[in-house]
Amino acid sequence: MLIAELLRAKGSDVVTVRPGTTVSELLDRLARHNIGAVVVAEAGRVAGIVSERDVVRRLAEQGASLLDRPVSEIMTSAVITCKTSDTVDALTVLMTENRVRHVPVLAADALVGIVSIGDVVKSRIRQLELDRQQLEAYITQG
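For the sequence shown, counting from 1, position 58 maps to 58 in UniProt numbering; every step adds exactly one.
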């Protein structure tokens with residue numbers, strides 16, 4: 001399955017923030033949208049990605065003063081991305097090798113979606129279920 005197909009099924013809405021957004025505002029956005037990460041974008045380009053995990057780790061290091069700091073101070077700026085033409089299998093390997101849970105999707109350098117590890121797992125389960133149904137049909141029809 002291609003990433004483009006996965007995005008058609010799940011949608012391509014991406015929550016973004018600007019690099020100057022405070023960590024407190026970021027947390028509000030994460031909670032409001034019930035998501036675990038947001039893409040940091042500036043001038044229509046991906047500048048970074050920041051997750052709940054990034055916030056928790058930095059809070060442990062720096063304390064509550066972090067909440068008033070910009071997300072640019074805690075974001076990952078070397079963002080792992082994929083293309084709509086990539087396969088879910090290739091993305092699974094990419095996520096595993098790079099130990100990331102959220103991957104922005106680009107088409108012609110434009111942000112067109114984001115895929116989470118949960119999206120990948122759901123896709124794999126759907127494919128396994130389809131394979132099972134096809135095998136059952138093959139066996140029962142002789």
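Cβ coordinates follow ideal geometry from the N, Cα and C atoms, glycine included.
About 6 angstroms separates the beta carbons of VAL40 and PRO19, which is inside the 8 angstroms limit, making them a contact pair. The closest CA to that of SER51, considering only ASP28, ASP13 and SER65, is found on ASP28. In this chain, the beta strand (DSSP E) harbouring SER51 covers 45–51. The C-beta distance from LEU91 to VAL56 rounds to 25 angstroms, too long to fall under 8 angstroms, and the pair is not in contact. For ALA110, the pairing in a beta bridge is given by DSSP as ALA107. When the five nearest sequence neighbours on each side are left out, the beta carbons in the same chain lying within less than 8 angstroms of the beta carbon of LYS83 are those of ILE3, VAL105, LEU106 and ALA107, in order along the chain. Assigned with DSSP and collapsed to three states, THR96 falls in helix.
Looking only at VAL14, ALA78 and ILE117, the smallest Cα-Cα distance to THR96 is reached by ILE117.
In the three-state scheme derived from DSSP, where H, G and I count as helix and E and B as strand, ALA41 is classed as strand. Of the candidates VAL103, LEU66 and VAL100, the residue whose Cα lies closest to the Cα of THR22 is LEU66. Take MET1, set aside five residues on each side of it, and the residues of its chain with a beta-carbon closer than 7 angstroms to its own are THR87, VAL88, SER123 and GLN127, in chain order. For HIS33, the number of other beta carbons within 10 angstroms of its own is below 16, and it is reported as exposed.
From the listed residues VAL38, VAL115 and ASP54, the smallest Cα separation to GLY11 is found for VAL115.
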